[in-house]
Amino acid sequence: MRQNAQGNNFYSCGSSISVGNNREGGTLGCLVRNAQGELCGLSNNHVSGSCSYAPVGLPIVAPGIVDVVANGLPPFTLGFHSAALTLVAGAPDNIQVSDNLDAAIFKIHTPGAITSFQRTFYDTPVQTMPLAAGMLVEKVGRTTGQTVGSVVSQIYGPFPIPYACHMYGFSGPVYFDPIFSISGQADLFSDNGDSGSLITHVDAAGERFAVGIVVGGMTDGSAPGGKVTLALPIEPILQQLNVQLVGGHNV
Amino acid sequence: MNCTVHEAAKRLQASIPAPPGTVNTLVFSDSKGQFIRLMIEPGLFSQLEHLPHHYCGYRVVPEKRQPAHSAM
């Protein structure tokens, strides 16, 4: 929760969410506005879209069910699953790998209950730029909070990430191309539960841009914390969903 | 070197005679400078012969590809 200057509390981006019918927890990446002008939340398909198996209208709750604890924030319906991008398992020989984009949106139930602020750290930027090797990046996520890292490199060639959504009997590797590797500065850049976090970059002029979204991780002994983050560029995701980033909402 | 290290990594990935999705490359740095990591699906690693250790003038380090996971 984030409190504004007037003392009002809002559920913030970078916080825990999940589908309402499974014990999971991922991250609300950011707020977006669809072509109809409706306010939506953006996360991974495997977080709020159950790997494309969530029916439209399925409640998305906050905090995620796995984070519901005694004397904690009571879970509430943040929104309802609205749309998911392609997430097709199968070998690159048989599918169009470039179509795979692990992202989904849900319509926000009560816009007055949520803020575009990334927890207490910074507001969601409304501008984007391409994800690129060498870029210094930042994210706010459910598990590791606010972290800083750098984009190691694009991973060239179709790259597999195993997915599973057991309640629908789905599991299998999904290939992505392009996909990027990000290393944390001193420790992990992300960990389990940070899926869906919006990755941002601050340029030399001090302007913040959205550049990517966290989708996974990979063991890497050479990286701080022993793992690198796997990230997708944000621009194709926003284009495919036909949405625009929202900043300045209840900040 | 007639191409950048990223161009070399991309070309090297495309040049390896292996099924799509089994080989990846990425650019990495160490104290000796930038090099290309050649990540190969573990089951295929021993089957690929003559793995390069240099490509377009850049060092190449072949390794077994580590397992990835979705971050939830």
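One line per chain: the protein sequences are A and B, in this order. For the first sequence, position 241 (counting from the first letter as 1) is numbered 241 according to my numbering, and the numbering increases by one without interruption. For the second sequence, position 11 (counting from the first letter as 1) is numbered 1011 according to my numbering, and the numbering increases by one without interruption. Glycine included, C-beta positions come from ideal geometry on N, C-alpha and C.
Extent of the continuous beta strand (DSSP E) run through residue i
i               : result
residue 244(A)  : 244-246
residue 151(A)  : 145-155
residue 1069(B) : 1068-1070
residue 199(A)  : 198-202
residue 214(A)  : 208-219
residue 233(A)  : 227-233
Residue i: first and last residue of the uninterrupted alpha helix (DSSP H) it sits in
i               : result
residue 1011(B) : 1005-1015
residue 79(A)   : First-last for residue 79(A): 76-84, but that is the beta strand (DSSP E), not the alpha helix (DSSP H).
residue 38(A)   : Looking at the DSSP string, residue 38(A) is not in any alpha helix (DSSP H), and its letter there is neither H nor E.
residue 1043(B) : 1042-1045
As assigned by DSSP and simplified to three states, the class of residue i
i               : result
residue 112(A)  : helix
residue 30(A)   : strand
residue 1023(B) : strand
residue 121(A)  : coil
residue 4(A)    : coil
residue 138(A)  : strand
residue 166(A)  : helix
residue 48(A)   : helix
residue 255(A)  : Nothing in the structure corresponds to residue 255(A), since chain A is present only between 1 and 251.
Inter-residue Cα distance where the pair is residue i and residue j
i              : j               : result
residue 26(A)  : residue 4(A)    : 24 Å
residue 22(A)  : residue 1015(B) : 43 Å
residue 128(A) : residue 251(A)  : 20 Å
residue 230(A) : residue 179(A)  : 7 Å
residue 24(A)  : residue 61(A)   : 10 Å
residue 161(A) : residue 37(A)   : 33 Å
residue 14(A)  : residue 121(A)  : 10 Å
residue 142(A) : residue 41(A)   : 15 Å
residue 132(A) : residue 151(A)  : 7 Å
Beta-carbon separation (whole angstroms), residue i vs residue j, contact threshold 8 Å
i               : j              : result
residue 47(A)   : residue 175(A) : 19 Å between Cβ atoms; not a contact.
residue 1026(B) : residue 181(A) : 6 Å
residue 113(A)  : residue 83(A)  : The Cβ separation is near 21 Å, so there is no contact.
residue 249(A)  : residue 115(A) : 6 Å
Below-8 Å beta-carbon distance, residue i vs any chain B residue
i              : result
residue 48(A)  : no
residue 219(A) : yes
residue 67(A)  : no
residue 155(A) : yes
residue 189(A) : no
residue 230(A) : yes
C-beta neighbour in chain A for residue i, strict 8 Å
i               : result
residue 1026(B) : yes
residue 1013(B) : yes
residue 1010(B) : yes
residue 1054(B) : no
residue 1031(B) : no
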